[in-house]
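Participant: According to full-length UniProt numbering, the sequence shown is numbered sequentially starting from 1.
Idealized CB from N, CA, C, for every residue including glycine.
Sharing a structure with you now.
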Amino acid sequence: MVEHNFHQQSHSFVKLVIFLCLLFLSANISVEARIRHYEWEVKYEYKSPDCFKKLSISINGKTPGPTIVAQQGDTIVVEVKNSLLTENLAIHWHGIRQIGTPWADGTEGVTQCPIVPGDTFVYKFVVDRAGTYLYHAHYGMQRQAGLQGMIRVSLPDGVLEPFSYDHDKSILLTDWYHKSTYEQATGLASLAFSWVGEPQSILIHGRGRFNCSIPSIDPTLCNATNLQCTPYSMTVVYGKTYRLRIGSLTALSALSFEIEGHNMTVVEADGHYVEPFVVQNLFIYSGETYSVLIKADQDPTRNYWASTKVVSRNSTTPNGLGIFNYYPNHPRRYPPTVPPSGPRWDDVAPRMAQSVAIKSHKDFIHAPPLTSDRVIVMLNTQNMVNGYVRWSVNNVSFNMPHTPYLIALKHNLLHVFDQTPPPDNYDQKNYDIFNIAPNVNATTSNSIYRLKFNTTVDIILQNANTKNPNNSETHPWHLHGHDFWVMGYGNGKFNQSIDPKNYNFVNPIMKNTIPVHPYGWTALRFRADNPGVWAFHCHIESHFFMGMGVVFEEGIEKVGKLPTSIMGCGESKRFHRP
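Pasting the structure below:
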C-alpha cells in the first residue's frame, strides 16, 4: 500500500514537472521575437490601376506591394532583387527608427548606395514599436511609379490596446500620374522648366477610375471594363466595429478621406495612440498614417461611398471613390447616392483644427524635454538657382552627394561633401513671408547639420509665399530615424520670443511626419539619440527632388561596422566586396 502511494505520488510529481516545463516553454515562445522573411522581386509591369495602361513598378507582381505583418520586437528580413533592368533602387522603411541599424534605412545617397539592376540586397531590421507604418522607394522619383506598401506591427501577446474593435483592415491612398517618372524628372530638372501638374487619378489601395471617354485618350490604352480598375471595396458586417489603418503615400496631394454617413474616431497617428476624437472626414498628408474606428451602424440594405478628395491645391483631379460594402450586398454594387463632394480645397481652418486636435492618449503620454539645446528655423521657399526652379530651406537647395553620408562620415571621407554647415535661421526680421521674395536667388549645397549626440533639438518649419502671387503650399515633412514631439502650430511668422510660451508640454503627440500649413509654422522637438545619418525632407516627391530637404548627423562614432553591401558607389567602391 505504501509502495502504491509512493508510485502514485511520483507519477503526480512527474506530471507536475512536465506541466511546469510546458508552461515555461509556452511562455518563452509567446514572448520570443520572430524572424519574418520576405523575398521580393521588383520590376516594371504594365498595369491599369485607374483603367489607363502604363508601366508600374511592382513587387512580386503587385502594386501596392504586399503588406508586411509583424509583432513588436520581430526582425524583418527582406531580400530585394532589382529586376528593373535599367534603374537603380532603394527602399525606405518609413516610420521604422532603425535603432542600431542605420544602414537599413533605405535612403539612397544618405544611408546606402543604390541596388543596381540584377543585384539582390538584404534589408534586416527590428520593428521595435507597434503601429501602422509604410515602405516605399527612395531613389529618384520611383515612389510615384508604384513601389510602395504598408507595415502593420501588432503588440506583444497579452498586451491590450486602449480601444477595441472586431476587425483590422488597411488601405493605402496614393495619387497617380500617366507620365513616367523619367518624363517628370526631366521636366523638373530642365532650364525649360516643366511642372508635373496635377495627378490624373486618386487611388484607394491601388484602384481608381480615369475617364476613358475623353476624346484625346487612346482607346487602346484606356479600358473602363478592365478588372484592375474595379473600385476598391471594403466589406463590413452590420453592428461590427472596424479598425481602419489609413496611410498616404501621395506624390503631391494632400487628401481628405471620408466614408459616406459614417463617423470616424481617430485613435492612432504614426504609431502613437491618440486621445480619441471624432471626425467626418480625415485630412491626411503624404507620409502620414492613422488608425480610425468605424462602426458599421447605418442602413445595411445598401452600400456607401468611400471618397478621397485633393485639398490645399486647386486640383483638376477627380475624387477617388471606393465602396463601403455592407454584407451581403454585392461588393461592386454602387451606392444609390451621389458621392460626397468633400471639403473646400482652400479652407485651411479645418485642416489646422485637426492638426491641433491630435494629442497623445492620456495613458500613453511621453513627456517632452522642457528645454532644447538648439533651435533650427527652416524657411520653406521656392527659388531660382542658376536659372533652375528649386525648393529650398533658408535659401539653400539640397543636392545629394555621390558617396552616401553614412559611409563618408564613418570612413572619414569628409572631402566628398561641403563642410560649411547649413544656416540655422533666416532673416526673420526683414523677410516678408506673405509676398514673393524680391531676391529669389538661392544656392545649392550638400552640406549637413551635425547634431551633438543626445541633445534636444527644436525645428521650426516656417512656410512662406512661393514664386507665384498669393500662393503658399502645404508641405508634409518626414524625419527618418526618429519620432518628434509636435510642440505647436501657428499662423503667420513664428515669433521666437513669444510662441514657445504656448508650446504643448502636457500631451503633445509624437509623429514622424507633419504638415506645415500655408503661411503658417509648425514646431517640432526631438532627441538626437539615434546614432546615424538621417534625412529630413518634404514628402512631396517633386519637392524633395528639387532640393527641399536636409540631413542630420548624430553620434556617428557610435555606429557599428558598416556592412559592405551598402557600398559600391562614389568613393565607397574601394570598400565594396561583392
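Should Ala442 go down as buried or exposed, given a rule of 16 or more other Cβ atoms within 10 Å for buried?
Facilitator: buried
Participant: Have a look at Phe526, Val278, Val42 and flag the residue whose alpha-carbon is nearest the alpha-carbon of Phe453.
Facilitator: When each option's Cα is compared against that of Phe453, the closest is Phe526.
Participant: If I measure Cβ to Cβ from Asn28 and keep anything under 6 Å in the same chain, skipping five residues before and after, which residues do I get?
Facilitator: Reliability fails at Asn28, whose pLDDT of 40 lies under 50, so the model's placement of it is uncertain and the value that follows must be treated cautiously. Within the same chain, Asn28 has no close Cβ partners at all.
Participant: For the candidate residues Asn446, Asp432, Phe283, whose alpha-carbon lies nearest to that of Pro423?
Facilitator: Asn446
Participant: Going by the beta-carbon positions, is the gap between Phe545 and Tyr449 smaller than 8 Å?
Facilitator: no
Participant: When burial is assigned at 16 or more other CB atoms within 10 Å of the CB, is Lys501 buried or exposed?
Facilitator: Exposed, since its Cβ has fewer than 16 Cβ neighbours within 10 Å.
Participant: Could you give the DSSP three-state label for Asp168: helix, strand or coil?
Facilitator: strand
Participant: Could you check the C-alpha separation between Asp373 and Asp458 for me, to the nearest Å?
Facilitator: If you take the alpha carbons of Asp373 and Asp458, they lie about 8 Å apart.
Participant: Quick one, are the C-beta atoms of Arg333 and Thr230 less than 8 Å apart?
Facilitator: no
Participant: What are the boundary residues of the alpha helix (DSSP H) that Gly382 is part of?
Facilitator: In the sequence as presented, Gly is not what sits at residue 382; that position holds Gln. Run containing Gln382: none in the alpha helix (DSSP H); it sits in the beta strand (DSSP E), 374–385.
Participant: What residue from Arg245, Val126, Ser392 has the CA that sits closest to Arg34's CA?
Facilitator: Val126
Participant: Whole angstroms are fine: how far does the CA of Pro156 sit from the CA of Leu25?
Facilitator: Because the pLDDT at Leu25 is just 40, under 50, the model does not fix this residue reliably, and the value given afterwards should be weighed accordingly. Leu25 and Pro156: Cα-Cα distance of roughly 16 Å.
Participant: Hey, would you say Tyr242 sits closer than 8 Å to Ile294, going by beta carbons?
Facilitator: Closer than 8 Å, so yes.
Participant: Can Ile99 and His272 be called in contact, C-beta distance under 8 Å?
Facilitator: no
Participant: If you follow the alpha helix (DSSP H) that His543 is in, where does it begin and where does it stop?
Facilitator: 541–545 is the span of the alpha helix (DSSP H), which, as asked, contains His543.
Participant: What's the C-alpha gap between Leu22 and Thr235?
Facilitator: Unreliable placement is indicated for Leu22, whose pLDDT of 41 sits below 50; no coordinate value is reported for it.
Participant: Could you tell me the alpha carbon to alpha carbon distance between Pro114 and Val338, rounded to whole angstroms?
Facilitator: 47 Å
Participant: Where does Trp345 sit, in a helix, a strand or coil, going by DSSP?
Facilitator: coil
Participant: Between the Cα of Lys493 and the Cα atoms of Gln462, His205, His480, which residue gives the shortest distance?
Facilitator: The shortest Cα separation from Lys493 among Gln462, His205, His480 belongs to Gln462.
Participant: Whole-angstrom Cβ separation of Ile151 and Trp103, contact assumed at under 8 Å?
Facilitator: The beta-carbon separation of Ile151 and Trp103, rounded to 19 Å, does not stay under the 8 Å limit for a contact.
Participant: Out of Gly187, Glu39, Phe324, His138, point me to the one whose CA is closest to Arg302's CA.
Facilitator: Phe324
Participant: Report yes if the CB atom of Ser83 is closer than 8 Å to the CB atom of Val116, and no otherwise.
Facilitator: no
Participant: Going along the chain, which unbroken runs of the alpha helix (DSSP H) with 4 or more residues stay wholly within the segment 377–459?
Facilitator: 405–410
Participant: How would you call Gly287, buried or exposed, if buried means at least 16 neighbouring beta carbons within 10 angstroms?
Facilitator: So Gly287 counts as buried.
Participant: Could you spell out the range, first to last residue, of the alpha helix (DSSP H) harbouring Glu275?
Facilitator: Where Glu275 is concerned, there is no enclosing alpha helix (DSSP H), although the beta strand (DSSP E) it sits in stretches over 272–279.
Participant: Just to confirm, are Val486 and Lys511 a CB contact at a threshold of 8 Å?
Facilitator: yes
Participant: Let me make sure I understand the geometry here. Which of Val559, Val153, Lys558, Ala251 has the alpha-carbon closest to that of Ala185?
Facilitator: Distances from the CA of Ala185 to each of Val559, Val153, Lys558, Ala251 were compared; the closest alpha carbon is that of Ala251.
Participant: Looking only at its own chain, which residues have a Cβ that is under 7 Å from the Cβ of His11, when we skip the five neighbours before and after it?
Facilitator: Caution applies to His11, whose pLDDT of 47 falls short of 50 and renders its modelled position unreliable; the value that the coordinates give is listed next. Excluding sequence neighbours, His11 sits near nothing in its chain.
Participant: How many Å lie between Val348 and Pro404 at the Cα?
Facilitator: So the alpha carbons of these two residues sit roughly 38 Å apart.
Participant: Measure the alpha-carbon distance for Ile358 versus Asn465 and round it to whole angstroms.
Facilitator: 26 Å
Participant: Starting from the Cα of Asp166, find the closest Cα among Val292, Leu379, Thr317, Pro328 and give me that residue.
Facilitator: Val292
Participant: Kindly indicate the opening and closing residues of the beta strand (DSSP E) around Ala523.
Facilitator: Run containing Ala523: 520–527, per the beta strand (DSSP E) assignment.
Participant: What do you reckon, are the CB atoms on Pro518 and Glu473 nearer than 8 Å?
Facilitator: Inclusion of Pro518 and Glu473 in the CB contact set at 8 Å is warranted, their separation being smaller than that value.
Participant: Going by C-alpha to C-alpha distance, which of Gln354, Gly247, Leu282 sits closest to Met264?
Facilitator: Leu282
Participant: Is the separation between the beta-carbon of Thr317 and that of Leu255 shorter than 8 Å?
Facilitator: no
Participant: Do you know how far the Cα of Asn504 is from the Cα of Tyr44?
Facilitator: 46 Å
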